[in-house]
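Report on the structure given below.
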Amino acid sequence: TIGYMNQESELDLNELREKGLLVWDASLKGNQLTTGASNPEHMVKCVVYYGNAEFGHCCVGYAIGSYNNLEQCLEIDFIEKRCDGFEDLKHEFLPIIVSTLLFYASTLDRLMGLPVSKLAFVGPLPGALNSYERCGFEHIANYRNGQDAMVKYR
């Protein structure tokens, strides 16, 4: 299940952080006043849950960013999966986030008239570049404010 970050999901993410399963404080990263997002007026805050109604579900991770009007781009500034990830989700968290963003981009374009020409993960960790490349992203140096990004054109 993928949802928009709310009070319940922030509590779930805080619990994971307190247990040492997440590093960043998602509520601070997703705050309009403290985020590095290019457009704090149009934030993107995805939270991913894994499981089902019969056996329960748990929070797996999140992605936070914004819609960049000038670049016509959905930019993700923070993405984090819990460090004790499930074997079923090994190498699957990023593709889940990318699929969600592509769906959201189509929704923005069709329903709100906001064109989205690309997706960007700003400031990627060097060890994750291969994962982005497997999802069809390319490395762009000096994308925004001197930061690198992994970009996928639509």
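Under my numbering, think of the first position of the sequence shown as 202, with each following residue one higher. Where is the CB? At the ideal position from N, CA and C, for every residue including glycine. On a predicted model such as this, the values are computed, not experimentally measured, just so you know.
Alpha-carbon to alpha-carbon, residue j and residue i
i	j	result
Met351	Glu293	17 angstroms
Tyr268	Asn240	6 angstroms
Val245	Val299	13 angstroms
Lys282	His340	21 angstroms
Residue i classed as buried or exposed, judged by whether at least 16 other C-beta atoms fall within 10 angstroms
i	result
Val284	Looking at the sequence provided, one finds Cys at residue 284 rather than Val. Label assigned to Cys284: exposed.
Gly262	buried
Gly257	exposed
Gly252	exposed
Extent of the continuous alpha helix (DSSP H) run through residue i
i	result
Leu212	Gln208 to Glu219
Glu334	Leu330 to Arg335
Residue from the options whose Cα sits closest to the Cα of residue i
i	options	result
Ala329	Pro296, Cys259, Tyr250 and Ala306	Pro296
Pro325	Phe287, Ile277, Glu288 and Gly337	Ile277
Cys259	Asp310, Tyr344 and Glu209	Glu209
Ala264	Arg355, Asp226, Ser307 and Glu272	Asp226
Glu334	Tyr344, Ala342 and Lys353	Lys353
Pro327	Ala306, Asp349 and Gly314	Asp349
Limits of the unbroken beta strand (DSSP E) element including residue i
i	result
Ser267	Gly257 to Asn269
Asp278	Cys274 to Lys282
Arg345	Glu339 to Arg345
Min CB distance residue i to chain C below 8 angstroms
i	result
Ser332	Of the protein chains in this structure there is only one, and it is not chain C.
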